[in-house]
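Each remark here refers to the structure printed beneath this line.
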Amino acid sequence: MNAASKTAADRFGGKRTPISTTSLFAWRAMFRIVFYLPLLLGLAGTFAFFSVTLWSWSRGESVPLAEFVRIWPGEPNPAVIAELLLPWMILVWAAVGCAIGWLVRGRRLAEGIVARRRATRRFGWASDAASGGASGTAGEATGEAADTVGRLWRVDELRLRRLLARWGLPLACAVVCLRLAVVWSNVDRPEDPYDYAPYAAMLGHIPWSDAGGYYKGAQYFNTFGRLDYWNQRRPLNALLFAVRLSLCGQSLHLALLLQAILLATSLYLFAAAVANRYGLWAALAAFAIAWSYGRLYVATTLSETLGLTIGAIAAALLLQAQTRGLIALAAFGGFAMGLAMAVRAGALFLLPGLILWAAWQFGPGWRRRVAAASVMAVGIGAALLVNSLALRCYGTGENMAGSNFAPTFCGMAEGKSWGDMYEKYRGQLDGLNEKEQAAFFYRKAWEGIRANPSIFIGMMARGEKRFIRDLRPWIAGLTSLPLPPDRSIVRKIARTNHWLLTLMLAALPLTLWRWRHGGDWRLLAIVVLATLASAPFLYLDGGFRVFAASWPLFILCWAIAFASAERPRLPAAMAPTAAATIAGTKEAAVLPKESGQRASCRLGSWARAMGALWRFAAPLERTSIALIAILTVA
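Heads up: the sequence shown at position 287 corresponds to 289 in the working numbering, and the numbers run straight through without jumps.
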């Protein structure tokens with residue numbers, strides 16, 4: 003071994019490697035740039051953002067969060083452009099990191115094949131021993147060099163994952179709060195066709211349209227202790243916003259800031275669960291696409307923000323349940339998804355789909371499948387019970403949950419929109435309350451379907467076609483820069499994003515095939531089928547905003563294109579805990595039929611099982627369950 007190789011070996015833990023010092027330095031420099039440069043830039047921006055905010059708060063500014071955007075000169079504002087580009091930059095970071103990782107993993111195989119071919123051409127087929135020995139030596143040398151580069155990659159990737167686990171939450175909070183700063187600052191913003199910031203008019207001071215209805219309902223509840231008539235459709239959003247207003251002294255801006263921090267926390271937990279299942283780069287891609295959706299609504303009081311927040315926690319719990327084989331975590335995930343659907347109704351077939359997934363995933367054997375489906379059904383039913391209890395305790399006694407779907411359904415039966423139905427039947431709706439109007443619309447809808455079902459079928463086909471056609475351009479538009487099309491850089495970014503998302507979706511079958519034994523395709527199949535089945539009923543009138551609760555699960559179709567080649571091993575201690583939890587949950591289901599003493603014994607065993615689950619649960623799972631518990635109790 004030459005002197006350069008010995009020097010490289012001494013620098014790499016004293017092990018001899020056939021790679022030169024120059025090559026080792028080049029690989030290490032590339033890894034450090036890919037791994038740590040974006041992280042250092044993000045940490046520097048986070049520190050500057052919070053420092054300027056604290057400085058503005060000490061000066062007594064009315065909206066200190068917006069000062070960070072106002073201090074930048076130039077037009078367009080650099081902070082505004084950075085906020086728009088953040089999802090795209092994170093997505094590109096994930097794509098580059100994943101590509102280099104696969105390059106490093108494939109390097110050993112490629113170099114071994116090349117070395118063997120060179121040895122074969124040199125020695126020919128005259129001497130098999132000489133050919134085999136030379137090719138073997140060359141293959142071993144190149145393999146050792148590739149192993150050295152692979153070890154460097156794995157060490158740096160592990161360090162980056164640990165750093166993101168430690169600093170990821172402040173970074174996520176800075177990314178989410180920067181959106182609030184942009185909306186609240188009095189600076190010009192590029193025209194964004196996907197922006198819902200107009201629902202927070204006058205720089206976020208006046209909630210408008212549906213957002214104004216939720217804000218008015220929260221204030222009404224804090225004043226009179228009950229829900230107003232309009233918010234009995236979706237009581238949880240107004241009730242939880244009323245809690246945030248009470249905690250923040252009735253300050254709208256502080257309540258929205260608390261809402262943003264909750265969203266950042268849930269997206270961080272979701273990304274951590276994706277990292278545990280699919281690796282670091284898939285987690286970054288999932289965060290980027292999920293945040294590109296959440297940034298549209300975080301500055302408003304619309305129900306989409308809370309639906310996405312709870313939906314991200316539900317996705318984290320479901321992924322952890324799939325990773326660790328815990329039906330109890332899956333039940334908590336179903337409970338969270340039920341709450342998210344109650345807050346922002348969306349993919350209505352997803353909840354029964356999760357029950358089928360639990361029976362499908364947590365087999366084998368029909369007894370285990372029935373038990374798993376029952377536990378998931380209990381979790382989802384408990385969430386719907388919370389929504390019903392909220393209506394019973396704080397409403398007028400009328401069950402109006404989901405009544406706003408009635409005019410949409412009637413419009414589909416007649417080939418029109420929900421607004422046209424109110425105009426058409428204005429005279430017949432006078433004097434009817436919300437519940438009676440919903441019954442009227444459902445009756446008219448069924449009459450129209452029986453009279454001419456082709457109209458209803460045509461509207462469903464139209465909604466499905468438009469949803470599939472608009473999906474990829476919509477995600478590409480969310481994660482790129484929506485500036486006027488006369489700028490060449492904008493066209494390049496948009497074109498790059500379209501190709502990147504297409505390649506990510508094309509890589510989905512390959513990823514599912516590599517990990518087919520883990521059952522990953524089952525959850526994705528349920529989510530995709532439930533979304534496609536729900537789109538014909540919802541998309542034409544509601545657009546993509548109706549999928550807020552299920553959005554984190556749905557975007558896994560793109561995110562897992564950046565999945566790692568190796569699956570993390572499951573802790574052995576989790577298997578008895580899962581069995582004890584299932585047994586305890588089955589015992590708790592028969593508590594009402596038992597005598598007092600025996601029921602207390604069974605309740606004790608169930609409590610011990612849940613205590614064991616909490617003891618062996620990871621911090622990610624504990625935090626997710628605690629957040630759901632706080633939101634439920636609040």
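Every residue gets a Cβ at the ideal spot worked out from N, C-alpha and C, and that includes glycine.
Sub-8 Å separation of residue i and residue j beta-carbons
| i | j | result |
| --- | --- | --- |
| residue 176 | residue 270 | no |
| residue 423 | residue 458 | no |
| residue 381 | residue 336 | yes |
| residue 182 | residue 372 | no |
| residue 533 | residue 549 | yes |
| residue 276 | residue 191 | no |
| residue 229 | residue 355 | no |
| residue 231 | residue 304 | no |
| residue 361 | residue 329 | no |
| residue 272 | residue 314 | yes |
| residue 101 | residue 502 | no |
| residue 267 | residue 171 | yes |
| residue 416 | residue 460 | no |
| residue 234 | residue 88 | no |
| residue 559 | residue 526 | yes |
| residue 562 | residue 510 | yes |
| residue 504 | residue 90 | no |
| residue 250 | residue 260 | yes |
| residue 189 | residue 71 | yes |
| residue 160 | residue 41 | no |
| residue 2 | residue 452 | It is not possible to answer for residue 2, since the shown part of the chain is limited to 3 through 636. |
| residue 318 | residue 377 | no |
Nearest to residue i (by Cα), restricted to the options the options
| i | options | result |
| --- | --- | --- |
| residue 32 | 151, 63 and 251 | 151 |
| residue 324 | 374, 310 and 367 | 374 |
| residue 564 | 94, 452 and 357 | 94 |
| residue 184 | 55, 167, 264 and 159 | 55 |
| residue 385 | 41, 238, 541 and 408 | 238 |
| residue 440 | 42, 469 and 408 | 408 |
| residue 262 | 284, 236, 296 and 279 | 296 |
| residue 443 | 153, 473, 472 and 406 | 406 |
| residue 34 | 500, 158 and 226 | 158 |
| residue 293 | 24, 284 and 310 | 310 |
| residue 99 | 107, 236 and 36 | 36 |
| residue 180 | 40, 454 and 52 | 52 |
| residue 73 | 103, 40, 187 and 107 | 187 |
| residue 327 | 90, 520, 160 and 28 | 520 |
| residue 162 | 38, 26 and 426 | 38 |
| residue 321 | 288, 389, 430 and 456 | 288 |
| residue 106 | 155, 24 and 454 | 155 |
Cut-off 7 Å between Cβ atoms - residues of its own chain near residue i, not counting five sequence neighbours on either side
| i | result |
| --- | --- |
| residue 220 | 240, 243, 244 and 247 |
| residue 58 | 66 and 69 |
| residue 316 | 335, 338, 339 and 342 |
| residue 552 | 313, 348, 349, 352, 529 and 533 |
| residue 61 | none |
| residue 80 | 74 |
| residue 428 | none |
Same chain, Cβ closer than 6 Å to residue i, neighbours up to 5 away in sequence not counted
| i | result |
| --- | --- |
| residue 529 | 555 and 556 |
| residue 92 | 286 and 290 |
| residue 536 | 349, 350 and 351 |
| residue 306 | 299, 346, 547 and 550 |
| residue 538 | 462, 465 and 466 |
| residue 566 | 281 |
| residue 591 | For residue 591, the pLDDT reaches just 32, beneath the cut-off of 50, and the residue's location in the model is therefore unreliable, although a value from the coordinates is still provided. Here the set comprises nothing. |
Minimum Cβ-Cβ distance from residue i to chain C less than 8 Å
| i | result |
| --- | --- |
| residue 93 | Given the protein chain composition of this structure (a single chain), no chain C is represented. |
Neighbourhood of residue i by C-beta distance below 8 Å, restricted to the same chain and skipping five residues each side
| i | result |
| --- | --- |
| residue 543 | 410, 413, 419 and 420 |
| residue 224 | 244, 247, 248 and 252 |
| residue 396 | 223, 227, 228, 229, 237 and 241 |
| residue 50 | 70 |
Practice task
At 4 residues or longer, and completely inside the region 335-396: list those alpha helix (DSSP H) runs for me, N to C.
Solution key: For the region 335-396, whole alpha helix (DSSP H) runs of length 4 or above, ordered along the chain, are 352-363 and 368-396.
Practice task
Pick out the complete beta strand (DSSP E) segments inside the region 433-470, 3 residues or longer, and give them in chain order.
Solution key: For the region 433-470, not a single whole beta strand (DSSP E) run of length 3 or above is found.
Problem - Residue ranges of each alpha helix (DSSP H) within the region 46-117, 4 or longer - result: Fully enclosed alpha helix (DSSP H) runs of 4 or longer: 69-72.
Problem - Sequence ranges, alpha helix (DSSP H) only - wholly within the region 283-329, length at least 4 - result: 305-326, all fully within the region 283-329.
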